[in-house]
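Reading through the structure tokens given below for one structure.
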Amino acid sequence: MIRKIHQVYRVLLLLGNILVSQVVFSQSTDTTSIDIIQQDSISNDSISFSVLNHKSDIEDQVEYDAQDSTILDLKAQKAYLYGKAKIIFQDIKLNADFIAIDFRSKDVFATGIVDDSTNNYVGRPAFDDNGKIYEADTMKYNFETKKGISYGVLTTEKDGYIHGKRVLRDSQENIYVKDAQFTTCNLPDPHFYIKADKIKVIPGKQIITGPANLVIAGINTPLIVPFGFFPIPEKRKHGILFPNFGQSQERGYNLRGLGYYLPISDFFDVQISSDIYFRGSWGFTLMSNYYKRYKYRGNLRFSFNKNEFGEPESPTFRVSNDYRLSWNYTKDAKSRPGSNFSANVNFVTSSFLKNNTTNYDDIISTNSNSSVSYSRGFFNRKINMSIASNINQNLSTGDLTMTLPQMTANMSRQMPFKTFNSKNKTLRSFMRNFGVSYQGTFRNEIRTIDTTLIGSIREQLGGTPSINTSNLRDNIKNGISHRIPISTSFKALKWITVSPNVSFDEYWYLETTEKTWDDERDSLITNTVKGFDRAVSYRTSISLSTILYGMKIFKKERKLQAIRHVIRPNMSAVYSPDFSMGEKNGYRNVQSDTPQIFSTYSIYENGLLGRPSSGPQASINFGVGNNLEIKIKSQKDTTNGGIKKIKIIENLNIRSGYNFLADSFNLSKFSISGNTTILNKIRMTFGTTFDPYQWELNDDGTRSNQKKEYAFNTMNTLGHFTQSNLSISTNLNPKAFKRKSIDNANEQELEFINDNLQNYIDFNLPWSLNVNYNMRANRPVLLEKTVTQSITFNGDIKLSENWKIGLNSGYDITKEELSLTSINFYRDLHCWQMNFEWYPIGRQMFSFGINVKSSTLQDLKLNRRRSWFDF
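Residue numbering for the sequence shown follows the numbering used here, starting at 10 and increasing by one per position.
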């Protein structure tokens, strides 16, 4: 069709040259134009204009089209396009309601039009330069110089938007904007923007501004900078990280996050940033991300902060050196099947969380764990070997438990008689299920405190930390254990599962304990003896288990259709000899008081991996598990024929045992435990323990000596209560009262949300509430008991469409005081979010932040933070 229009146009042009040649090329001021009213099939065709042939003419054809009409002025060499006009020239496309083309000056002018019916400005010029789109109220562009000027412009750079009253474009495609607004909000009237008199945009590289001010909801904020710099690279490029400005009462004004970003490659980058406080405090963070597709991914981060609180002349002046080391490494399972390496390191000083974070979870955290592990399978994974290192920190006490390292070698259960065949079903099952495995473990453990490991940090003097190893050797323990379990199983009397088992254990240690009586001091002396020593032990057991079902079915017209009771009785017999007889397995007799009083101890009593047991054991352990369910008619539940199953008791267990070889108190304590869910909303877990023997009482009512008589004989109960625990939790929101169907993906999402409820803000829910109640009672003496009770709760309420208020708190019922409490206000406004977090009880601090939902402006935030040490 374009070719046909070209032919028509050439005929018209030839006639025009013959008929009006005098008009076109004379000095007459009259203008002759050809008005082509496009109709029918040619209304949407394009026209190529190539009449200019001198050296400075446009070398490529200009294709243009208009839905309404096209007017050609041959004398002035101009074209006027009306109604959804468009032009295509090389990689440039221009669309507007009206476009005027001057083929002599190579200028293009475009504008929109005011719709009479709606009074809206429509058909705004849209300039597309190889995928880069600019929108304006009016626009002028020169094809030859590639310069242009526009008014009322809206353009995009990466995920940002630039609004400007007047925009110039130079031949290098740089853009200069007057009275500019830079934002990531895609609305015509953005909720927030950076306001600047002038902005220069270097496409694909950066946006540079003069003096700029952050405006939110039409209100100028105090955040004013003398200049602004926003990188917008097509690919990752290095550059300066501009800081956040803040103020702290004790540490003064600060610049946080000033640094430099360097992408070493597409798979590795480095970022270093610093925190500078005007009263002497400072800190830095070194962070790196690494990634290799189908291989691994991870990150490494180290932070150090030296915080100075108060004035140096003040007696309350103090210095705190805080650090945090984090390392994460995840190996792709497909990269090397059969082996795995992972790391999750988070080594932190307790003062770091206290002085440098406002995160609720970090504040209440009392432990920090780090682990690094490598494992590999051999011989088709029949043998698996692993090496791991672990560090556990108690942030409250400073205790450190470091396992450096732990090595394990395991052989999976081998069944050499798997193909055994016999007419005797019991023998066949016994032999086919016969299996043997091996478990070997080496562990090297250090228990110390952080001040012993790091040495004197000299907080008051601000000295340099130094590693102190003088006491570490005394705290090192290690050992090796071997275990060979042999087991099988078979059916007896059709319904009873019988599982015999025997295991052999051996312990290797490089040091043992020696105790001697010092007659001069009249005291027991304990020494550590270096040298290799070993011990062995074994035990055998047999267990029996079955399942019994009880069912009561009611008439169909009744709402209660059925009751089912499932009973799982189990019993096991265990035997192990008395390894404390003689000195072969490490047991010794030593005088512990007067010459007539001796006691037995094990030279392996400080062993990490266990030791042979003292005293013979020939015991029977027994228990029973229960599950109770009912079926009822339900009009709301149309699945399963309108029958709904409800679990009354999900699990209820009763356990105890009896040792035939014990010299006294043969019957073990009774334990009762269980869990259930009430109304599909309230989760309850409980447990309690009873001592079956009676106690003699002192005059004050406390226990004296335990009697060899059952409490049941005189009290008609299982025994004396010793301890119990109860936990009740619920998660309530409007959706919890609606029937829902969840697929696997949603289950994973809910699992993540339930693990991070305090970080999850769902603006689709008008309210949510999570409550946890915990009770623990201990009664070590008959008439005295210790009860601890606490309630923790968190929730939020939707005040309006975009406002929510949240609360994290708790109440210690025993101490009658509130626990750490935080009150949070959340504001969601399309393209940015505001969070105000206040801790009125305990640490007393608050944090205020406004963050943009954009990767380009992710560091654009207005923060104000005060902590408990600022008051």
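In this text, a Cβ means the ideal position worked out from N, Cα and C, and glycines have one as well.
Note that the structure is predicted; figures quoted are calculated from it, not measured.
Cβ-Cβ separation, residue j to residue i (assumed contact under 8 Å), whole Å
i, j, result
"Asn183", "Lys209", "7 Å"
"Phe318", "Arg306", "With a Cβ gap of about 39 Å, Phe318 and Arg306 do not count as contacting."
"Gly595", "Ser611", "5 Å"
"Arg836", "Asn803", "Between Asn803 and Arg836 the Cβ distance is about 19 Å, and since that is not below 8 Å, they are no contact."
"Tyr447", "Asn419", "7 Å"
"Asp100", "Asn139", "4 Å"
Nearest candidate by alpha-carbon position, reference residue i, set the options
i, options, result
"Ala85", "Val71, Lys115, Phe98", "Lys115"
"Ala501", "Lys565, Thr428, Ile551, Ile629", "Ile551"
"Tyr547", "Ser623, Asp278, Leu250", "Ser623"
"Thr801", "Glu810, Lys813, Arg836, Asn740", "Asn740"
"Glu320", "Arg288, Phe238, Pro346", "Arg288"
"Phe674", "Glu810, Trp704, Gln215, Gly632", "Trp704"
"Arg265", "Thr457, Ile822, Trp291", "Trp291"
"Phe356", "Thr603, Ser377, Asn129, Pro231", "Ser377"
"Trp517", "Ile458, Arg577, Arg452", "Arg452"
"Cys194", "Glu166, Asp188, Met693", "Glu166"
"Thr609", "Gln600, Gly616, Asn365", "Gln600"
"Asn725", "Phe699, Pro494, Ile108", "Phe699"
"Asn787", "Gly449, Asp82, Leu778, Thr731", "Thr731"
"Glu659", "Lys640, Lys645, Gly634, Lys391", "Gly634"
"Tyr332", "Asn364, Gly386, Leu816", "Asn364"
Span separating the alpha-carbon of residue i from that of residue j
i, j, result
"Pro818", "Glu846", "The sequence shown places Ser at residue 818, not Pro. If you take the alpha carbons of Ser818 and Glu846, they lie about 13 Å apart."
"Thr147", "Leu334", "56 Å"
"Pro775", "Val162", "40 Å"
"Ile225", "Phe191", "12 Å"
"Lys427", "Gln626", "33 Å"
"Ser398", "Ser351", "11 Å"
"Tyr303", "Asn151", "49 Å"
"Lys174", "Thr164", "12 Å"
"Leu250", "Phe236", "14 Å"
"Phe439", "Leu557", "23 Å"
"Thr406", "Pro212", "55 Å"
"Thr497", "Leu553", "12 Å"
"His491", "Phe607", "32 Å"
"Asn579", "Thr506", "10 Å"
"Lys813", "Met843", "10 Å"
"Arg482", "Ile455", "8 Å"
"Ser78", "Tyr300", "57 Å"
"Ala571", "Leu413", "57 Å"
"Thr549", "Tyr719", "29 Å"
"Phe513", "Ala544", "11 Å"
Secondary structure of residue i, DSSP reduced to three states
i, result
"Arg390", "coil"
"Ala786", "strand"
"Phe439", "helix"
"Thr697", "strand"
"Glu468", "In this predicted model, Glu468 has a pLDDT of only 41, less than 50, meaning its place in the structure is not dependable; the value taken from the coordinates is given anyway. Coil."
"Thr473", "Unreliable placement is indicated for Thr473, whose pLDDT of 46 sits below 50; no coordinate value is reported for it."
"Ile576", "strand"
"Lys174", "strand"
"Lys156", "coil"
"Gln86", "coil"
"Gly651", "helix"
"Thr325", "coil"
"Lys209", "strand"
"Thr723", "helix"
"Ile373", "helix"
"Lys564", "coil"
"Asn668", "strand"
"Asn484", "helix"
"Lys645", "coil"
"Lys813", "strand"
"Lys434", "helix"
CB contact check: residue i to chain C, cutoff 8 Å
i, result
"Leu163", "Absent from the structure: chain C. Only one protein chain is present."
Delimiting residues of the alpha helix (DSSP H) encompassing residue i
i, result
"Leu362", "359-365"
Residue span of the beta strand (DSSP E) that contains residue i, given as start and end
i, result
"Ser738", "729-741"
"Phe541", "532-554"
"Ser282", "277-286"
"Ile687", "679-687"
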